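Student: My questions all concern the structure below.
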Ligand code: PMP
């Protein structure tokens, strides 16, 4: 099936407070967000018509903007309501949700103090892959050349468009080499995350994950930590050096898009997705199921 480009699809996009026809949701080529990466976004999923952890995503969205020195002109409650309208209006109960905010066209130089902040919300189908047996084969992951930046070099906990430049380069290189994704180290050479997901390792029934202080502390990551605690599985957040990967039996990545996806290989290191990874795939799938709304 040919893929319809994103600007040629049908439906409705919410833009600066109004629903517009999908193909009319346009911005000018001279937009600060495009030239200077003054742009932040979110990635969320709706399951059965309900957006998983919508409010946490709206809060992160506003926080990312403030780290880029701008304020999103809508409250968390307004954003939550708008996202729900877009999901409902497009009649896509199971979909990916993409809020995005960017500086507009009033000023086209590094300084853009007075530019308008634009906000849009789009949704599209993105099937979640909960065929556990398929997932248990694990994905193959490359090791990226680029590293996550030092927090003194960039606002590393913002979900900012500019921080994805090295992710796209790294993911392309990984795909050309036959891998599904790339694991990035941090600026000090420690394991950080993948190009669009966080990472967990398992050794002797204990989960190990890097401390999220110079990369995105994913909402899925925090959900997995919560699920582990509920299962009585110990979670150790610590510095992990790449050489230590030889000592782990299992590995999985997690994120809104990836959900929980076991890993079979990272560069020279091999893993065998096992019972504990399987339980996190299953627990996460149960966790995102829509809750019964109170009457
Ligand atoms: N790291 C990066 C670089 C990401 O793009 C994502 C996906 N948003 C994540 C981690 C996981 O974040 P979340 O669980 O909030 O989707």
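In the working numbering, the protein residues as written are 12 to 306. Note that CB positions come from ideal geometry on N, CA and C, so glycine has one too. The structure displayed is predicted, hence computed values, not measured ones.
(1) Going by the C-beta, is residue 73 closer than 7 angstroms to any heavy atom of the ligand PMP?
(2) Kindly list the residues whose CB is nearer than 8 angstroms to the CB of residue 196, restricted to its own chain and excluding five residues on each side of it in sequence; keep chain order.
(3) From residue 241 to residue 20, what does the alpha carbon distance come to, in whole angstroms?
(4) So residue 246 packs on residue 236, CB below 8 angstroms; how close in whole Å?
(5) Should residue 310 be listed as close to the ligand PMP, given that the test is whether its C-beta is under 7 angstroms from any heavy atom?
(6) By a C-beta neighbour count over all protein chains shown, 10 Å radius and 16 as the cutoff for buried, is residue 101 buried or exposed?
(7) Got a sec: does the ligand PMP put a non-hydrogen atom nearer than 7 angstroms to the Cβ of residue 54?
(8) With burial defined as no fewer than 16 other Cβ atoms inside 10 Å of the residue's Cβ, what is the status of residue 77: buried or exposed?
(9) Apply the 10 Å Cβ neighbour rule to residue 112 and answer buried if 16 or more other Cβ atoms are within range, or exposed otherwise.
(10) Can you list, in chain order, the residues of its chain with a C-beta nearer than 8 angstroms to that of residue 27? Leave out the 5 residues immediately preceding and following it.
(11) How many Å lie between residue 168 and residue 74 at the Cα?
(12) Around the Cβ of residue 286, are there at least 16 other Cβ atoms within 10 angstroms (buried) or fewer (exposed)?
(13) Residue 105 and residue 48: beta carbons closer than 8 angstroms?
Tutor: In terms of the structure at hand:
(1) Within the chain shown, the letter at position 62 stands for residue 73. Not under cutoff, so the answer is no.
(2) The count along the chain shown starts at 1 and reaches residue 196 at position 185. Only 154, 155, 158, 159, 202, 203, 253 meet the Cβ criterion.
(3) Locating residue 241 in the chain shown gives position 230, where the first residue counts as 1. Locating residue 20 in the chain shown gives position 9, where the first residue counts as 1. Each residue's Cα considered, the two are about 41 angstroms apart.
(4) Walking along the chain shown from the start, residue 246 turns up at place 235. Walking along the chain shown from the start, residue 236 turns up at place 225. Going by Cβ atoms, the distance from residue 246 to residue 236 rounds to 5 angstroms, so yes, they are a contact pair.
(5) Outside the shown range of the chain (12 to 306) lies residue 310, about which nothing can therefore be said.
(6) What you label residue 101 is simply residue 90 of the chain shown in a count that begins at 1. By the neighbour-count rule (16 or more Cβ atoms within 10 Å), residue 101 is buried.
(7) Position 43 of the chain shown, counting from 1, holds the residue named residue 54. Yes.
(8) Looking up residue 77 in the chain shown gives position 66. Residue 77 comes out exposed.
(9) Residue 112 sits at position 101 when you count from the first residue of the chain shown. Buried is the call here.
(10) By one-based count along the chain shown, residue 27 stands at place 16. Only 129, 130, 131 meet the Cβ criterion.
(11) Against the chain shown, residue 168 aligns to sequence position 157. Against the chain shown, residue 74 aligns to sequence position 63. So the two alpha carbons sit approximately 9 angstroms from each other.
(12) As a working note, residue 286 is residue 275 in the chain shown. That one is exposed.
(13) By one-based count along the chain shown, residue 105 stands at place 94. By one-based count along the chain shown, residue 48 stands at place 37. No, the Cβ-Cβ distance between residue 105 and residue 48 is not below 8 angstroms.
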